[in-house]
Amino acid sequence: MKIEHIHFYVEDAKIWRDWFVDILGFEIVENYLLPLNPLNKGRKQEFHTNTEVVKSDSICFVISSPILPTSPVAGFLQHHPPGVADVVFLVEDIEEVITRVQSYGTEILQPIYEYQQNGINCKSCKIKAWGSLSHTLIQMEEI
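Here UniProt numbering is used: the first residue of the sequence shown is 1, the next is one more, and so on.
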């Protein structure tokens with residue numbers, strides 16, 4: 001198991017992206033907007049969340065901020081200060097890890113689901129950590 005990335009929820013992702021790049025020497029990896037309704041393909045989209053990804057060697061930070069009040073980030077920030085919202089772990093056998101954490105009574109926030117990303121088969125789920133923190137578990141296998 002290793003840390004894949006740390007996800008921050010903040011008021012302005014671009015300001016924090018620039019801070020990591022200008023002050024700490026990180027590189028910009030990508031920027032994306034999350035749509036309000038992902039099923040509205042081909043029609044005008046409204047976006048609720050801006051996400052910036054920065055990296056320095058093996059350290060990867062994902063930084064998200066709300067665009068609309070409907071963003072999950074906005075909901076988080078109404079109850080918590082800006083900061084770490086999710087620590088994402090890369091695991092070799094997600095089913096084994098889930099069995100282990102469930103044996104300790106850990107709450108499963110999002111069951112295992114499968115998807116493909118950049119030619120890689122992925123399995124992912126989300127578990128509750130402490131307080132408002134969650135952990136996403138990801139298993140990746142090249143096709």
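Every residue, glycine too, gets a C-beta built ideally from N, C-alpha and C.
Alpha carbon to alpha carbon, how far is D12 from I6? Give it in angstroms, no decimals.
Their Cα atoms are separated by approximately 17 Å.
Using the rule of at least 16 other Cβ atoms within 10 Å of the residue's Cβ for burial, across every protein chain shown, is T49 buried or exposed?
buried
Compute the beta-carbon to beta-carbon distance between K2 and L90, rounded to the nearest angstrom, for a pair I have assumed lies under 8 Å.
5 Å
If you measure between the beta carbons of V87 and K55, is that distance less than 8 Å?
no
Just tell me which of F61, Y113, D22 and K123 has its CA closest to the CA of V84.
The option with the nearest alpha carbon to V84 is F61.
For P69, name the three-state secondary structure that DSSP assigns.
DSSP, reduced to helix, strand and coil, places P69 outside both helices and strands of the structure shown, so it counts as coil.
Within the chosen definition, does the stretch 14-30 reach the stretch 91-105 through at least 3 CB pairs nearer than 8 Å?
No, because fewer than three Cβ pairs between the stretch 14-30 and the stretch 91-105 fall closer than 8 Å, the two stretches do not touch.
Report all residues from its chain with a CB closer than 7 Å to the CB of K128; omit the five preceding and five following residues, and keep chain order.
T106, E107, L109 and S134
In chain order, what are the residue ranges of uninterrupted alpha helix (DSSP H) at least 4 long that sit wholly in the UniProt domain "VOC" (2-140)?
13-24, 72-79 and 94-103
Indicate whether M140 and C125 have their beta-carbon atoms separated by less than 8 Å.
no
Using a threshold of 8 Å, state whether the C-beta atoms of residue 146 and I67 are closer than that.
For the chain, the structure presents residues 1 to 143; residue 146 sits outside this window and is missing.
Counting only the same chain and skipping the five closest in sequence on each side, list residues whose C-beta sits under 6 Å from that of H80.
Within its own chain, the residues whose Cβ lies closer than 6 Å to the Cβ of H80, once the five positions on either side in sequence are excluded, are S132, listed in chain order.
Could you pull out every residue in the same chain whose Cβ sits closer than 6 Å to the Cβ of N31, ignoring the five residues on either side in sequence?
Correct list, in chain order: E52.
Can you grab the Cα-Cα spacing for the pair D57 / E114, in whole Å?
Between D57 and E114, the C-alpha separation is close to 28 Å.
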